[in-house]
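The numbers in the sequence shown follow the numbering used here, run straight up by one, and end at 518.
Only one structure is covered here, and it is reproduced in the block below.
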Amino acid sequence: MKDLMGLMKQAKEMQAKMEEAQAQVADLSVTGRSGGGMVEVSLAGGGNMSGLKIDPQLQSEDIEIMEDLIIAAYQDAKVKLDQAQAETMKSAMGDIPMPPGMKMPF
C-alpha cells in the first residue's frame with residue numbers, strides 16, 4: 413500500500429510539472445527569417461503565426477520569390493519553435509524518470 417501512495421504522489425507531481433511546462437510552451441514566441449532578414453515570420457507557442465514582416469524592397473520582386481521567402485521564414489520559425497518547446501519540456505520534466513522510448517510531450 414505504501415508503494416501505491418508513493419506512485420500516486422509521483423503521478424501528481426508529474427501532472428503538476430507537465431501543466432507548468434505546457435503553460436511555458438504556450439508562452440513561447442520565436443521569429444524565423446529568410447532572404448537575409450527581408451522576411452520575418454513570428455510564431456506563438458501553439459504554432460500560430462503572430463506576425464509577418466516583409467521588407468518594402470521585396471514589393472518590386474516577383475510574387476513567387478516573395479511566396480518562397482515567406483514559406484522559408486515560416487519553416488525557420490517552426491524549427492526554432494519545435495526546438496524551444498522540446499527544451500522547455502525537457503527542463504521541466506528532466507528529473508522525472510520516463511520509461512524507455514517515451515517522448516515528451518505526449
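Think of the CB as a built atom: it goes at the ideal place given N, C-alpha and C, for glycine as much as any other residue.
- Report yes if the C-beta distance between leucine 470 and methionine 478 is below 7 Å; otherwise report no. Numbered from 1 along the sequence shown, position 58 holds the residue referred to as residue 470. Numbered from 1 along the sequence shown, position 66 holds the residue referred to as residue 478. The answer is yes: Cβ separation under 7 Å.
- Return the chain-ordered ranges of every alpha helix (DSSP H) run that is complete within the stretch 436-483 and spans a minimum of 4 residues. Here no run is fully enclosed.
- Query: Are there three or more Cβ pairs, one per stretch, closer than 8 Å when the stretch 478-490 is compared with the stretch 425-445?
  - Reply: The stretch 478-490 makes contact with the stretch 425-445; the number of CB pairs closer than 8 Å reaches 3 or more.
- Task: Can you tell me which of the three DSSP states leucine 493 falls into?
- Result: Numbered from its first residue, the sequence shown carries residue 493 at position 81. For leucine 493, the secondary structure class from DSSP, reduced to helix, strand or coil, is helix.
- Query: Can you give the beta carbon distance from leucine 440 to leucine 493, rounded, assuming they're within the 8 Å contact cut?
  - Reply: The residue given as residue 440 occupies position 28 in the sequence shown. The residue given as residue 493 occupies position 81 in the sequence shown. Going by Cβ atoms, the distance from leucine 440 to leucine 493 rounds to 7 Å, so yes, they are a contact pair.
- Task: Would you tell me roughly how many angstroms separate the C-alpha atoms of methionine 417 and isoleucine 466, rounded to the nearest one?
- Result: For this step, residue 417 is matched to residue 5 along the sequence shown. For this step, residue 466 is matched to residue 54 along the sequence shown. In this structure, the CA atom of methionine 417 is about 57 Å from the CA atom of isoleucine 466.
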